[in-house]
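Below is one structure, written out as structure tokens, with a few remarks after it.
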Amino acid sequence: MTADRSRLARPAVVVAPRLLGAVIVSDVGDARVAIRLSEVEAYEGQDDPASHAFRGLTPRTAVMFGPAGHLYCYFTYGMHWCANVVCGVDGVAAAVLLRAGEVVDGIDVARSRRPAARKDTELARGPARLATCLGLAAAQNGLDLCDPASPVRLESVPSRRPALVASGPRVGISAATELTWRFWRPDDPTVSPFKAGGRKRVGPPPAD
DNA sequence: AGGACGATTAACT
DNA sequence: GTTAATCGTCCTC
Numbered sequence: 473m474t475a476d477r478s479r480l481a482r483p484a485v486v487v488a489p490r491l492l493g494a495v496i497v498s499d500v501g502d503a504r505v506a507i508r509l510s511e512v513e514a515y516e517g518q519d520d521p522a523s524h525a526f527r528g529l530t531p532r533t534a535v536m537f538g539p540a541g542h543l544y545c546y547f548t549y550g551m552h553w554c555a556n557v558v559c560g561v562d563g564v565a566a567a568v569l570l571r572a573g574e575v576v577d578g579i580d581v582a583r584s585r586r587p588a589a590r591k592d593t594e595l596a597r598g599p600a601r602l603a604t605c606l607g608l609a610a611a612q613n614g615l616d617l618c619d620p621a622s623p624v625r626l627e628s629v630p631s632r633r634p635a636l637v638a639s640g641p642r643v644g645i646s647a648a649t650e651l652t653w654r655f656w657r658p659d660d661p662t663v664s665p666f667k668a669g670g671r672k673r674v675g676p677p678p679a680d
């Protein structure tokens, strides 16, 4: 069952924990890969200094400002693609970064796209790894995940927030590190390792 | 026009 | 534990 758009048209912080256990299905490249999500992060747009949309609408962030249920793909570190589910009402930027999951279909295709993975739990353990498994890049930016005819879809979104959800600071950011907007399934082996965010400090250490 | 930096990963010591 | 890879985006001249 493809996701109901109205359930995604809420703040990213509300939607994010509810996507744990949901399945994203990709038919990109005439091969199917499906991933059950185990780790996500919420980004709330113009109020959130860690969000790409913090400084307003640009060509890159335009999809984040659009209606919920679309795919926001971005390129980072000169080599990696990452994928988000757009949330919130039309005109308000919000998105959930898909950080990790378990490959539940197309495992041979996922392995071929991720030759460096030594174990199946590493295939989609990290946002760029997850996007690579699914074959997501620029061409998939903006796709409608709620359309049953779309090559990339969101399915099996739980009707209720899962009973077991862990939360903590988001990974790899240097602003708003006090917010615990990363959500994951505790004890799931596909959850990515935590890395403290931001670039290395230069200058005196923080005053306690 | 120039430069700093990044919602990361893999391969090192 | 550290670091190179690698380029689009955005900010500041």
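So the first sequence is residues 473 to 680, counted in our numbering.
Quick reminder that beta carbons are idealized off the backbone N, C-alpha and C, glycines included.
Just so it is clear, the structure is predicted and the values come from calculations on it, not from any experiment.
Go to residue i, then tell me how far its alpha helix (DSSP H) extends in each direction, as first and last residue.
{"i": "Asp577", "result": "Note, Asp577: premise wrong, no alpha helix (DSSP H); beta strand (DSSP E) at Ala567 to Asp577."}
{"i": "Phe537", "result": "Ala534 to Phe537"}
State the Cα-Cα distance for the pair residue i and residue j, rounded to the nearest angstrom.
{"i": "Pro630", "j": "Leu492", "result": "8 Å"}
{"i": "Pro539", "j": "Ala588", "result": "36 Å"}
{"i": "Val576", "j": "Val663", "result": "15 Å"}
{"i": "Gly541", "j": "Val535", "result": "10 Å"}
{"i": "Asp499", "j": "Ala555", "result": "15 Å"}
{"i": "Val505", "j": "Val558", "result": "21 Å"}
{"i": "Ala561", "j": "Leu480", "result": "In the sequence as presented, Ala is not what sits at residue 561; that position holds Val. Spanning the two alpha carbons is a distance of roughly 9 Å."}
{"i": "Gln518", "j": "Ala484", "result": "12 Å"}
{"i": "Ala522", "j": "Ile579", "result": "33 Å"}
{"i": "Ala582", "j": "Cys605", "result": "5 Å"}
{"i": "Ala609", "j": "Tyr546", "result": "8 Å"}
{"i": "Arg532", "j": "Arg490", "result": "26 Å"}
{"i": "Tyr515", "j": "Ala567", "result": "5 Å"}
{"i": "Pro620", "j": "Ala503", "result": "16 Å"}
{"i": "Ala600", "j": "Ala648", "result": "22 Å"}
{"i": "Arg586", "j": "Arg482", "result": "33 Å"}
{"i": "Arg633", "j": "Met551", "result": "34 Å"}
{"i": "Asp616", "j": "Val564", "result": "17 Å"}
Near residue i, which residues of its chain fall below 8 Å by C-beta distance, leaving aside the five closest residues on each side in sequence?
{"i": "Ala494", "result": "Ala475, Arg508, Leu509, Leu626, Glu627, Ser628, Val629 and Pro630"}
{"i": "Val643", "result": "Glu513, Arg571, Arg654, Ser664, Phe666, Lys667 and Gly669"}
{"i": "Leu636", "result": "Arg657 and Pro658"}
{"i": "Thr593", "result": "Glu574, Pro661 and Thr662"}
What did DSSP end up calling residue i once you bin it into helix, strand or coil?
{"i": "Cys605", "result": "helix"}
{"i": "Leu509", "result": "strand"}
{"i": "Val486", "result": "helix"}
{"i": "Asp659", "result": "coil"}
{"i": "Ala596", "result": "coil"}
{"i": "Arg527", "result": "helix"}
{"i": "Ala514", "result": "strand"}
{"i": "Arg479", "result": "helix"}
{"i": "Asp502", "result": "helix"}
Going by DSSP, which residues form a beta bridge with residue i?
{"i": "Glu627", "result": "Thr474 and Val495"}
{"i": "Trp553", "result": "Phe547"}
{"i": "Ala582", "result": "Partner(s): none; Ala582 has no beta bridge."}
{"i": "Ser590", "result": "Before going further, note that residue 590 is Arg rather than Ser in the sequence given. According to DSSP, Arg590 bridges with nothing at all."}
{"i": "Arg633", "result": "BP columns for Arg633 are empty, so no partner."}
{"i": "Asp616", "result": "His542"}
Cutting at 7 Å between CB atoms, please list the residues of its own chain near residue i, excluding the five before and the five after it.
{"i": "Ala572", "result": "Ser510, Glu511, Ala596, Arg597, Gly598, Leu602, Thr662, Val663 and Ser664"}
{"i": "Thr684", "result": "Outside the displayed span of the chain (473 to 680) sits residue 684, for which this structure offers no information."}
{"i": "Thr548", "result": "Cys554"}
{"i": "Gly614", "result": "Val535, His542 and Leu543"}
{"i": "Gln612", "result": "Val500, Leu543, Cys545 and Val624"}
{"i": "Val486", "result": "none"}
Beta strand (DSSP E) containing residue i: first to last residue?
{"i": "Ala638", "result": "Ala638 to Gly640"}
{"i": "Cys559", "result": "Premise fails: Cys559 is in no beta strand (DSSP E) and is neither H nor E."}
Excluding the five sequence neighbours on either side, which residues of its own chain have a C-beta within less than 6 Å of the C-beta of residue i, listed in chain order?
{"i": "Leu529", "result": "Phe537"}
{"i": "Ala488", "result": "Val512, Ala514, Val568 and Phe655"}
{"i": "Arg477", "result": "Ala540, Gly541 and Cys618"}
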